[in-house]
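Asks: Structure incoming, see below.
Number of protein chains: 2
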Amino acid sequence: MDTSADALRSSGEKPPPLDLSHHFSEVTKRRMPSEMKRAYNLFAIPGIMNLAGGLPNAQFFPFDTLEAQAANPERWTPSSDGSAVPATHIAVPKASSEPDVMKRIDLSTALQYGQAQGYPPLLSWVRQFTREVLHPDFAYKGGPDVAMSCGSTDAFAKVLHLFVNAWTEGINDVSERPGLLCDKFVYGIPLSEGLPRGMNIVPVNSDDSGMSPDALEDVLANWDSSRGKRPHLMYTITLGHNPTGKVVSLERKKEIYAVCSKYHVLIIEDEPYWYLQFPSAAAEEAKSRGFQEPNTLPREITSTTPYPFLNSLTPSFLKVDTDGRVIRLDTFSKTVSPGCRLGWVTAQPSIIERYIRITETSTQQPSGFVQSLVAELVIGPQPEAQAAFARATLAGTASKFSGWQMDGWVRWLEGLRGSYERRMVRMCQAIDTGIHEIKTSSSISSDWGVVTKTKLIDYTWPRGGMFVWLRINFESHPLWNAPSTTNRPIDGLTLSTALLMFLTKKPYLVLVAPGSMFSSNPEIRAGSGWAYYRLCFAAETDENVDASSQKFVEGVHKFWRIKSAGEIQKLVDSFPHASGVESLADSMAQMGTWLGC
Amino acid sequence: MDTSADALRSSGEKPPPLDLSHHFSEVTKRRMPSEMKRAYNLFAIPGIMNLAGGLPNAQFFPFDTLEAQAANPERWTPSSDGSAVPATHIAVPKASSEPDVMKRIDLSTALQYGQAQGYPPLLSWVRQFTREVLHPDFAYKGGPDVAMSCGSTDAFAKVLHLFVNAWTEGINDVSERPGLLCDKFVYGIPLSEGLPRGMNIVPVNSDDSGMSPDALEDVLANWDSSRGKRPHLMYTITLGHNPTGKVVSLERKKEIYAVCSKYHVLIIEDEPYWYLQFPSAAAEEAKSRGFQEPNTLPREITSTTPYPFLNSLTPSFLKVDTDGRVIRLDTFSKTVSPGCRLGWVTAQPSIIERYIRITETSTQQPSGFVQSLVAELVIGPQPEAQAAFARATLAGTASKFSGWQMDGWVRWLEGLRGSYERRMVRMCQAIDTGIHEIKTSSSISSDWGVVTKTKLIDYTWPRGGMFVWLRINFESHPLWNAPSTTNRPIDGLTLSTALLMFLTKKPYLVLVAPGSMFSSNPEIRAGSGWAYYRLCFAAETDENVDASSQKFVEGVHKFWRIKSAGEIQKLVDSFPHASGVESLADSMAQMGTWLGC
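The listed protein sequences correspond, in order, to chains A and B. Basically our numbering = 1-based index in the first sequence + 1331. Basically our numbering = 1-based index in the second sequence + 1331.
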């Protein structure tokens, strides 16, 4: 931190974000700056006839409206599922006479070529939501800007393009090899994009509260430059971590941020589950396990939005981002649907500017179909368009719809949080019934039986997100380390693969995600990755949440009764991969892409 | 061509495409192969409950249907605009019980995470259209595969990622510098993506029939390796070239292809206007100019689809692609709307496989909103979904809609071709009235006037596409080479900039695209780029096509009456760019991104 920044801060004014352009990749640096603002005047001449742009005329679009039956924001109540709340018909008209492009939602603009930063009315709404509601207390002068993305996976690929020079062994010098810091257990797709670029994936250990600042300091302070450049990028999820379900507190975030600032590390914060934080988790967990409810102090409320729901949530890294080194990825995938392929990036303006340049010559913009329908949903029609649509439809039901607005949007998120939290509680309650194997062995010579209690499953209820992260204590299995039908004794990976396959057989029919999918490198995969399973309580139908959790527990217990090494080997062999046990991990890692997790 | 391929061919069997994997970039080579097919069995177990995937349940998507008022394919008749043909209401239901994923169109699948290759029913339809209707006579064994794209700009960026190692002066060896062959005048966005990657842009001269095979041979045979690696990629548009409006014949394609094959060049063929070929252009041009209609032989019909319209069109490079070196880019931008951000790539299967790997960790898939609505439009609902929707709506009008089907899709394209062809004819007729400046100077001492005829505009009517490409003969302007108010005499770039700005003033109010935007390098820009303007007959409203063309002609003629160097300088100064005349070209090149041309 330089002294002028300190001076500004002591005067009560926020300093501007740091200039981080030395972190840009060579390709990113070479992208042309935009001359658009100056040239824009030519398009804005009143009455100008445009023969310059190579655009088809909107007359020739075969869609005259886009419409939808859309939920009201009250559909899912925070306390109980109110699925009876009806839907509303929404429609995007072909053309609107609204002169303000920030307000005009119609197909003549939404289905035409548009701005890389986003469809103006939606961009304007997202910017307002981001700056005034989601992160009202930004930490540097002027605060962050936003740009729409085609979902966070694409945003992440573009952020790597922005900051990373691809590296090839034997061609590039090892001192230039870029690195990516991440959690020990990590969502896999970002690594699948980083690895082909030649990046060092650098795991950092966690404790119960999330990534450990001491472990991070240790990695960076003792960096061995024979491995490559000291990493200048971190990828992390902090609010409902995938796969571990942790929520990283603001206090912990400050500690991690201080280390990142010291070592000039940029933080890519991917938060698809930020609004899925579960206040009941600690109490319900204690109740389920017969413990006394932990006497934790209520978290300090640091946000001051008009929405108690939002104020109750742990905030983003952006809250402590005095340097402008945080790039936050948001998505509509979990709040609207994954098929949107729509999200946004939040970062200091000079990073957003480069992001837009990359977008202009690749994806150009998210699809106008989804941008206009989501805009219509959350903003609603302008009064003029509303009346026109009412005239054009027989029923005229649309005339009363005025969009969810910010209140409705926050209400929708709160309803989703309630629904997912209830699913989580039901799944964890079901699993808790099967944590231990209890065996009573009676002996003929005595009047009493001997009760042995073996812990099969070890886990903490998730504090956020969509996942339960379990450690299966394979070490307690009767066949642990027993001779196998192959040359080696039965190890953890073998038992883990066998149980995964056992669970997919009748009568269990449950598919879980193995820890190997989330192990950030082969050592972690071999060392302890096999011990973990991730269970998602979001994907299945409501009815199946209970059924599948129970079947899972039954399956685990039944698996502990297998006494034959041959049966274990048969299960392992049934895994649909030709090249044997080891590549299960690789195979599962690849599955992640398809699972969309 | 190796001998085994020759042997196969002489036996009547097509040889397989060449292995081109040595052309893959280092990053592309390092991407993992997909293990999906093997792992897929796990998901396909009947009755399996999926706790593995990190997907939200479709119950929580706020969209219960997506709907639209959509045109019938007969809306635009090939002979006259039949805009009275009504629209049809279409709807994508929340869930369909259709078991075949290739046929199921519903929001539970379309708005969920999906396949990178594309939404199965739409992908299946596009594959059929591509292989059976658009390119029925593919030239290598098995023929090409397809993958959906987020529009051709994104497809092009991904194809560069697939084949090009980014290159940086001073870091990488000059012998490794990648090159991109292109037409002398070229659509600019692909260059905006290639240049930051450090590519050599290598223009090839054209004649009236398109890119010259001799010029191409000359460039490649005499390649100066001190400039970089001999280019292994070509970018070109051959059917309604942007900006020149040329259609490159099959005969010429064969000649260009032979050179590419000889020098191992991959061809990226970008064809957004392939169906906009104008059979009336030659005859109408002759009529307009009072020439005899050219007695050209009708083109040999080489395609054998059930559609006379398609058979009449000049085919793609894919028709002669015996090696599998053609990557064709298609888009729904001009047939449905640019805001779709939806298209597809066609190439040999091993290239498509790499393309899908790149997609999986970036865009993942085009938006399900547009994929499902376009699928619904062209395929139509399954009978079961149709009945369900009819029950759910009061009017039940949707029950009769069965999708455009292939017949309707081809009919829609033919209708668009007719509509754009009529616009083109009207614009060219209007411009033809102003090609010459005719001046009658009468002298007092004689009874007759002297008529002088100066050619101001030189052009050929476009044979396809959306653009009229004009050379303005600035050399005939009274102020050509005259002393200016600055140090230098008035040159072409000055006059061209001045005319561009003059046309934006009242009473003309016409904005045209300058040739500098399409000059493939600074030398071409300085040498002759300034002499050209591109006029688009597609973007403006129908009424304005005539008005804007007339205003353009009037403006050009009026500009020839300007006698004051000061007035010219004032016009140049009015160009909204701070850094002077030279950067007009840069500024305009950047405008291309925004114009979406």
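Cβ coordinates follow ideal geometry from the N, Cα and C atoms, glycine included.
Kindly list, in the order they appear in chain A, the residues whose Cβ is closer than 8 Å to that of M1755 of chain B.
Replies: Locating residue 1755 of chain B in the second sequence gives position 424, where the first residue counts as 1. Within 8 Å Cβ-Cβ: nothing; M1755 of chain B doesn't reach chain A, min ~12 Å.
Asks: Span of the beta strand (DSSP E) holding Q1400 of chain B?
Replies: Translated into positions along the second sequence, residue 1400 of chain B becomes position 69. Its beta strand (DSSP E) spans residues 1394-1402.
Asks: What do you get for D1545 of chain A, buried or exposed, if any count of 16 or more other CB atoms within 10 angstroms of its CB means buried?
Replies: Within the first sequence, the letter at position 214 stands for residue 1545 of chain A. D1545 of chain A is exposed by the Cβ-count criterion.
Asks: Taking the continuous beta strand (DSSP E) assigned at R1620 of chain B, which residues delimit it?
Replies: The residue you call residue 1620 of chain B lines up with position 289 of the second sequence. Where R1620 of chain B is concerned, there is no enclosing beta strand (DSSP E), although the alpha helix (DSSP H) it sits in stretches over 1612-1620.
Asks: Evaluate the contact criterion for the region 1857-1869 of chain B versus the region 1739-1754 of chain B: three or more CB pairs, one atom per stretch, below 8 Å.
Replies: As far as the Cβ criterion goes, the region 1857-1869 of chain B touches the region 1739-1754 of chain B, which means the pair count is three or higher.
Asks: Please check if any C-beta of chain B sits within less than 8 Å of the C-beta of I1682 of chain A.
Replies: Walking along the first sequence from the start, residue 1682 of chain A turns up at place 351. False, the Cβ-Cβ gap to chain B never drops below 8 Å.
Asks: Classify I1769 of chain B: buried if its beta carbon has 16 or more other beta carbons within 10 angstroms, exposed otherwise.
Replies: Here residue 1769 of chain B is taken as the residue at index 438 of the second sequence, counted from 1. That one is exposed.
Asks: Please identify the residue among A:G1780, A:V1782, A:V1799 whose C-alpha is closest to the C-alpha of D1789 of chain A.
Replies: Position 458 of the first sequence, counted from the first residue, corresponds to residue 1789 of chain A. Nearest C-alpha to D1789 of chain A: A:V1799.
Asks: For I1502 of chain A, collect the residues of the same chain with a Cβ closer than 8 Å to its Cβ; drop the 5 residues on either side in sequence, then sort them by chain order.
Replies: Taking the first residue of the first sequence as position 1, residue 1502 of chain A is located at position 171. For I1502 of chain A, where only same-chain residues beyond five positions count, there are no Cβ hits under 8 Å.
Asks: Do we get a CB-CB distance below 8 Å when we pair W1740 of chain B with the residues of chain A?
Replies: Within the second sequence, the letter at position 409 stands for residue 1740 of chain B. No, its Cβ sits nowhere closer than 8 Å to a Cβ of chain A.
Asks: Which residues in chain B sit within 8 Å of D1395 of chain A, going by Cβ to Cβ distance?
Replies: The count along the first sequence starts at 1 and reaches residue 1395 of chain A at position 64. Here the neighbours are A1399, Q1400, A1401, A1402, A1418.
Asks: Output, in chain order, the set of chain B residues within a Cβ distance shorter than 8 Å of D1485 of chain A.
Replies: Here the question's residue 1485 of chain A lines up with position 154 in the first sequence. Per Cβ cutoff of 8 Å: S1693, T1694, Q1695.
Asks: First and last residue of the beta strand (DSSP E) that includes N1531 of chain B?
Replies: Locating residue 1531 of chain B in the second sequence gives position 200, counting from the first residue. Note, N1531 of chain B: beta strand (DSSP E), 1531-1535.
Asks: Please report the distance separating the alpha-carbon of N1812 of chain A from that of G1823 of chain A.
Replies: Against the first sequence, residue 1812 of chain A aligns to sequence position 481. Against the first sequence, residue 1823 of chain A aligns to sequence position 492. For N1812 of chain A and G1823 of chain A, the distance between alpha carbons rounds to 8 Å.
Asks: At a CB distance below 8 Å, what residues from the region 1865-1878 of chain B approach chain A? Give them in sequence order.
Replies: Listed by position along the chain: R1865, L1866, C1867, F1868, A1869, A1870, E1871, T1872, D1873, N1875, A1878.
Asks: What are the start and end residues of the alpha helix (DSSP H) that includes R1688 of chain A?
Replies: Sequence index remark: in the first sequence, residue 1688 of chain A carries index 357 (1-based). Run containing R1688 of chain A: 1680-1691, per the alpha helix (DSSP H) assignment.
Asks: Can you check DSSP and say which residues form a bridge with L1511 of chain A?
Replies: The count along the first sequence starts at 1 and reaches residue 1511 of chain A at position 180. Answer is A:I1532, A:L1564, bridged to L1511 of chain A.
Asks: Checking contacts by CB at 8 Å: is A1426 of chain A closer than that to chain B?
Replies: Counting from one through the first sequence, the residue named residue 1426 of chain A turns up at place 95. Chain B, which has no Cβ nearer than 8 Å to the Cβ of A1426 of chain A, makes this no.
Asks: Exposed or buried, S1411 of chain A, counting other C-beta atoms within 10 Å across all chains shown (16 or more means buried)?
Replies: The residue given as residue 1411 of chain A occupies position 80 in the first sequence. Caution applies to S1411 of chain A, whose pLDDT of 44 falls short of 50 and renders its modelled position unreliable; the value that the coordinates give is listed next. It counts as exposed.
Asks: Which of the three DSSP states is assigned to H1808 of chain B in this structure?
Replies: As a position in the second sequence, residue 1808 of chain B is number 477, starting the count at 1. H1808 of chain B falls in the coil class under three-state DSSP.
Asks: Under 8 Å: do the region 1460-1472 of chain B and the region 1647-1654 of chain B share three or more Cβ pairs, one atom per stretch?
Replies: Segments in contact, yes.
Asks: Taking all protein chains shown into account, decide if R1583 of chain B is buried (16 or more other Cβ within 10 angstroms of its Cβ) or exposed.
Replies: Residue numbering aside, residue 1583 of chain B sits at position 252 when the second sequence is read from its first letter. Result: buried.
Asks: Give me the Cα-Cα distance between W1743 of chain B and V1667 of chain A, rounded to the nearest whole angstrom.
Replies: The residue given as residue 1743 of chain B occupies position 412 in the second sequence. The residue given as residue 1667 of chain A occupies position 336 in the first sequence. Looking at the two C-alpha atoms, the distance is approximately 33 Å.
Asks: Span of the alpha helix (DSSP H) holding L1491 of chain A?
Replies: By 1-based counting over the first sequence, the position of residue 1491 of chain A is 160. 1483-1494 is the span of the alpha helix (DSSP H), which, as asked, contains L1491 of chain A.
Asks: Along chain A, in chain order, which residues have C-beta atoms closer than 7 Å to that of C1481 of chain B?
Replies: Residue 1481 of chain B sits at position 150 when you count from the first residue of the second sequence. Ordered by position in chain A, the residues that pass the 7 Å Cβ test against C1481 of chain B are C1481, T1694.
Asks: Quick one: does W1792 of chain B have its CB under 8 Å from some CB of chain A?
Replies: Here the question's residue 1792 of chain B lines up with position 461 in the second sequence. It does not; no Cβ of chain A falls within 8 Å.
Asks: State the DSSP-derived secondary structure class of R1659 of chain A, mapped to helix, strand or coil.
Replies: By one-based count along the first sequence, residue 1659 of chain A stands at place 328. Note: R1659 of chain A maps to strand in three-state DSSP.
Asks: Is F1890 of chain A buried or exposed, if buried means 16 or more other CB atoms sit within 10 Å of its CB?
Replies: On the first sequence, position 559 is the one that residue 1890 of chain A refers to. It counts as buried.
Asks: Quick check: the region 1437-1451 of chain A against the region 1681-1697 of chain A, are there 3 or more CB pairs under 8 Å?
Replies: The region 1437-1451 of chain A, when compared against the region 1681-1697 of chain A, does touch it at the 8 Å Cβ threshold.
Asks: What residue ranges within the region 1743-1798 of chain A form continuous beta strand (DSSP E) runs of no fewer than 3 residues, ordered along the chain?
Replies: Counting whole runs of 3 or more residues, the region 1743-1798 of chain A contains the beta strand (DSSP E) stretches 1767-1773, 1780-1786.
Asks: Below 9 Å between beta carbons is the criterion; list the residues of the region 1451-1476 of chain B that meet it against any residue of chain A, in chain order.
Replies: Correct list: empty, as no residue qualifies.
Asks: Below 8 Å between beta carbons: does that hold for S1428 of chain A and I1436 of chain A?
Replies: Mapped onto the first sequence, residue 1428 of chain A falls at position 97. Mapped onto the first sequence, residue 1436 of chain A falls at position 105. Against a cut-off of 8 Å, the Cβ pair of I1436 of chain A and S1428 of chain A comes out as no contact.
Asks: Counting only Cβ pairs nearer than 8 Å, list the residues of chain A close to W1743 of chain B.
Replies: For the purposes of this step, residue 1743 of chain B is taken as the residue at position 412 of the second sequence. Result: P1393.
Asks: Distance, Cα to Cα, S1880 of chain A vs L1787 of chain A?
Replies: For the purposes of this step, residue 1880 of chain A is taken as residue 549 along the first sequence, with counting starting at 1. For the purposes of this step, residue 1787 of chain A is taken as residue 456 along the first sequence, with counting starting at 1. Cα to Cα, S1880 of chain A sits roughly 15 Å from L1787 of chain A.
Asks: Which of the three DSSP states, helix, strand or coil, is assigned to Y1588 of chain B?
Replies: Position 257 of the second sequence holds residue 1588 of chain B. Of the three classes helix, strand and coil, the one that applies to Y1588 of chain B here is helix, per DSSP.
Asks: Residues in the region 1377-1393 of chain A with C-beta within 9 Å of chain B's C-beta atoms, listed in sequence order?
Replies: Correct list: P1377, G1378, I1379, M1380, N1381, L1382, A1383, G1384, G1385, L1386, P1387, N1388, A1389, Q1390, F1391, F1392, P1393.
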